[in-house]
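At position 221 of the sequence shown the residue is numbered 221 (the working numbering), and the sequence of numbers has no breaks. We put the beta carbon where it would ideally sit given N, CA and C, even for glycine. All values reported here derive from a predicted model rather than from experimental measurement. Scroll down for the structure; my scribbles are underneath it.
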Amino acid sequence: MKKIISFVLLTVLVLTTSLHVQAQTTTGAFKIYSTIRSIGVEWNISGDTQNNAICLVQYRINGSSTWQDAQPLFRVNFQSYDMLAGSIMFLDPVTEYQVRLTFSDTDGGNEIRTELISTKAVPAFPIGGNTYHVIPGTSGGDGSMGNPFQGISSAQNIAQAGDIFLLHAGDYGTAGQVYFTKPGALNNPIVWRSAGDGDVIFNQVRIEADYIWLHQLKFIYVTGNNAYGIRTSPPGPKNIVLTENYFENCHMCIYLNDGGENWYIADNVIIGDNDPNNGSNFSGEGIELWYTSGHTIAYNSISRVADGLSYPRSNVDIYGNDIFETTDDGIEGDYGHNNIRIWGNRISNPNNNGISFQPMNGAPWYVLYNQVAAPGEDTLKLRTRTDRVLLAHNTLVAWSGPISSSSGLMQSFQSTNNLWISIQDRYVWEDGASSGVNWRTNWSHEGYDWGNYVYAFKWQGQRLVDIPAFQAYTGQAANSVQIDHATCFETFDVPAPPPATIPPQYMTLNANCNAVDAGLVLANINDGYSGIAPDLGAYELNKPLPKYGPRQLSLGIVFKDSFE
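Following this line, the structure appears as C-alpha cells:
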C-alpha cells in the first residue's frame, strides 16, 4: 500500500512539475530598430496566460558608465501580437546606444538581454559627387553653367549617387507629371534642389527610386481635381528626403500610395485645396503615409487638408509640426501598429478631432507634449479600440468638452500629466462603453477644467460631480486637480467657438497655477523638469519653448509664426 501511495504522489509531483514548466513564459523573436531620435523594441513571448510579464528598460551611450531608466515595455496581446514592445525617446542622432532589457514573469521565466544599436543621422548633402545645372526644357545640355541640362529627363540620363542637381528658376511641370527614376545610395543620395535664383515649380511628381532628395522646390497644382504633389510607385521608394519644399492647391499633397519606407519629411509648407470654412471634407491629405514605416515627419506647416498627417504603420516619429485649419483631423494614426510616437506638435482648429486613434492595430503609441486646441469635435478621437498608449504632458483644449463623444474600449491606456480643458462649462470626459475602463488602464496626476458645470465626468451612464466622485467610482485620476483656465495660463486666446480660428500661440502656465509642480516623474519622458515635480500640460515653466513648423525661411515665405 505504501508503494502505491508513493507512486501516486510521485506521479502527481511529476505532473505538477510538468505543468509548471509548460506554464513558464518564454521569449521568442526579437526586433530592435531606430529613427533619428528614437529606438523601438518588439520582443515576442509565449506562455504568459496571465498577461503579467514585464520588461524593464535601461539605456546608455555606448562607452558611458551610467545607465538611465526608460519606460518599461508594454505588454501587447491583441491583433495577433503576443509580445512586449516599447520605445526609448528623445535620443541624440547618429549615436550608438546600449539597451538593457530585463524580462521577468511571476509564472517563471526571466532573461537579461543587452543590445547595441545606433540612431540614424539627420540627412546631410553628399560630398564628392558632381554638381550639375538644370533649366526647364525637354532635351539637351551638358549640365554646365553655360549649357545646363534642359529638363529632368535629360539630367537623369547621367545621374549617379552623390550628384547634386541645381534647378534654376522656371516651370518644370508644363509637360505634366515628372518622374524621378534614378536611385542614389545609402548616405549618398541624388539631390535635386533649387539653385536659389527663383521659384522652381512642379505640377505633379512621382518618385520611383530610392535615395532621392528634393529640396526647396515648389509643387503647385493649377487645374483639375484630386491633384497630388508627390506620390510613389511600386514597390515603394526608400530613404527619400523632402525638405523646405512648398506645396499649394494639392489634394493628396505627399502621398505614399504605392509604399515607401524610412522617409525624412521636414520643414515643408503644405497648403491643400480644402476650404476649412466649408464643413467637413474627409478627402485630401497633407502627408498620407499609407501604412508605411520608419519615417521622421518633423517641423512641417500643414493646413487646408482633410487630415494633416495620416496612417503611419510602425516606428514613425511625428514631432514639431504645426497643423491647423484641417477639415477632418489633425493627426490620424488610425490602423497604426507598433511604436508610433507623436510628440511636440501644435494642432489648432481641426474641423473634427485633434488626434485620432480609431482604431489601433498594434501598440504601443506615445502621445506626448502636444497642444491641441479648438477642435470642432474632440481633442482625441477614442471611439473604437484604443489600446496600450502612453498619453502624457498634453494640453487638450476644447470649447465644449475635450472628450465629448463616447470613448470605446481602452486597455492599458496610461494617461498622466495632461491638462483637459473645457472653455465652456461642460464635463471633460464621456465614456459610453458598457465595460468601462479595461485591464490595466491607469490615469493619474491630471488637471481638469469643467468650469461650473453640474458634473465633471459622464461615465457609464453615471454623472460624477467632481474628481473625488470619479476616483471613487473608477479608481482612476489619483493625485489629479481641478484647474481654472481663466487664471492658469499666461497665454490663452480662444475667442469664439469653432469654426472660428484661433491665433497661433503657446498655452503656457503662469507660476501661480496649481498645475505647476503637480505632475508625476516619468523616466525618459520628462527628464530635466525645472521645479519640485514636473508641470502638467505641454510646457514646463521656465524651460525653452518648442519649435512648431519650418525651422528655416529660405523659401522667402511668411509663415504664421516662426518663434526663432
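Spatially closest choice to residue i from the options, by CA coordinates
i           : options               : result
residue 258 : 264, 266, 299 and 293 : 293
residue 205 : 176, 90 and 56        : 176
residue 42  : 203, 459, 24 and 75   : 75
residue 216 : 228, 241 and 227      : 241
residue 233 : 64, 299 and 207       : 207
residue 52  : 387, 298, 103 and 31  : 103
residue 169 : 411, 531, 196 and 149 : 196
residue 536 : 444, 63, 297 and 236  : 444
residue 372 : 323, 199, 335 and 304 : 323
residue 194 : 66, 549, 213 and 341  : 213
residue 203 : 218, 289 and 145      : 218
residue 572 : 262, 200 and 105      : The requested residue 572 does not occur in the structure, where the chain is confined to residues 1 to 564.
residue 411 : 393, 428, 376 and 365 : 365
residue 351 : 277, 238, 312 and 159 : 277
residue 477 : 488, 456, 490 and 496 : 456
residue 91  : 484, 266, 69 and 312  : 69
residue 341 : 318, 407 and 199      : 318
residue 106 : 200, 509, 25 and 184  : 25
residue 61  : 45, 73, 94 and 44     : 94
residue 305 : 270, 120 and 295      : 270
residue 285 : 301, 254 and 298      : 254
residue 497 : 39, 374, 334 and 120  : 374
residue 273 : 289, 302, 295 and 298 : 302
residue 77  : 58, 487 and 45        : 45
residue 404 : 467, 391, 387 and 423 : 423
residue 37  : 525, 552, 171 and 534 : 525
residue 174 : 39, 150 and 490       : 150
residue 231 : 413, 181 and 344      : 181
residue 515 : 279, 418, 495 and 430 : 418
residue 430 : 486, 388 and 470      : 470
residue 120 : 72, 480 and 296       : 296
residue 510 : 504, 336, 539 and 142 : 539
residue 154 : 140, 386 and 144      : 140
residue 108 : 27, 393, 505 and 486  : 27
residue 461 : 407, 100, 39 and 495  : 407
Whole-angstrom C-beta distance between residue j and residue i, which should lie under 8 Å
i           : j           : result
residue 329 : residue 356 : 5 Å
residue 338 : residue 310 : Not a contact, Cβ separation roughly 17 Å.
residue 395 : residue 507 : 5 Å
residue 327 : residue 268 : The Cβ separation is near 19 Å, so there is no contact.
residue 518 : residue 447 : 7 Å
residue 501 : residue 325 : 7 Å
residue 450 : residue 425 : 7 Å
residue 266 : residue 250 : 18 Å between Cβ atoms; not a contact.
Exposed unless 16 or more other CB atoms sit within 10 angstroms - verdict on residue i
i           : result
residue 47  : buried
residue 492 : buried
residue 543 : exposed
residue 192 : buried
residue 522 : buried
residue 21  : Confidence at residue 21 is low in this model, with a pLDDT of 45, below 50, so the placement of that residue should be treated as unreliable; the coordinate-derived value is given next. Flag for residue 21 reads exposed.
residue 558 : With a pLDDT of only 37 at residue 558, under 50, the local geometry of the prediction cannot be trusted, and the value read off the model is given with reservation. Answer is exposed; the Cβ neighbour count stays below 16.
residue 548 : buried
residue 332 : buried
residue 6   : Note that residue 6 has pLDDT 37, beneath the 50 cutoff, so the model's placement of it is unreliable and the number below is only indicative. Residue 6 is exposed by the Cβ-count criterion.
residue 528 : exposed
residue 210 : buried
residue 452 : exposed
residue 79  : exposed
residue 146 : exposed
residue 368 : buried
residue 454 : exposed
residue 414 : buried
residue 545 : exposed
residue 344 : buried
residue 50  : exposed
residue 532 : exposed
Residue-chain proximity (residue i, chain E), Cβ-Cβ < 8 Å
i           : result
residue 281 : Any reference to chain E falls outside this structure, which holds one protein chain only.
Exercise. With a cut-off of 8 Å, do at least 3 Cβ pairs link the region 121 to 131 to the region 158 to 172?
Worked result: yes
Problem set entry | Touch test, the region 79 to 86 against the region 132 to 150, Cβ-Cβ under 8 Å, three pairs minimum | no
For this session: Please go through the region 120 to 202 and give each complete alpha helix (DSSP H) segment of 4 or more residues, from N-terminal end onward.
Result: 152 to 156
Problem set entry | Validate contact between the region 110 to 120 and the region 30 to 39 using beta carbons, cut 8 Å, 3 pairs | yes
For this session: Would you list, in sequence order, the uninterrupted beta strand (DSSP E) runs of no fewer than 3 residues that lie entirely inside the region 30 to 54?
Result: 39 to 46
Exercise. What residue ranges within the region 320 to 372 form continuous beta strand (DSSP E) runs of no fewer than 3 residues, ordered along the chain?
Worked result: 322 to 324, 340 to 343, 346 to 348 and 365 to 368
Problem set entry | Segments assigned alpha helix (DSSP H), at least 4 residues, entirely inside the region 222 to 257 | none
For this session: Entirely within the region 394 to 430 and at least 3 residues each: give me those beta strand (DSSP E) ranges in chain order.
Result: 395 to 398, 403 to 407, 410 to 416 and 419 to 422
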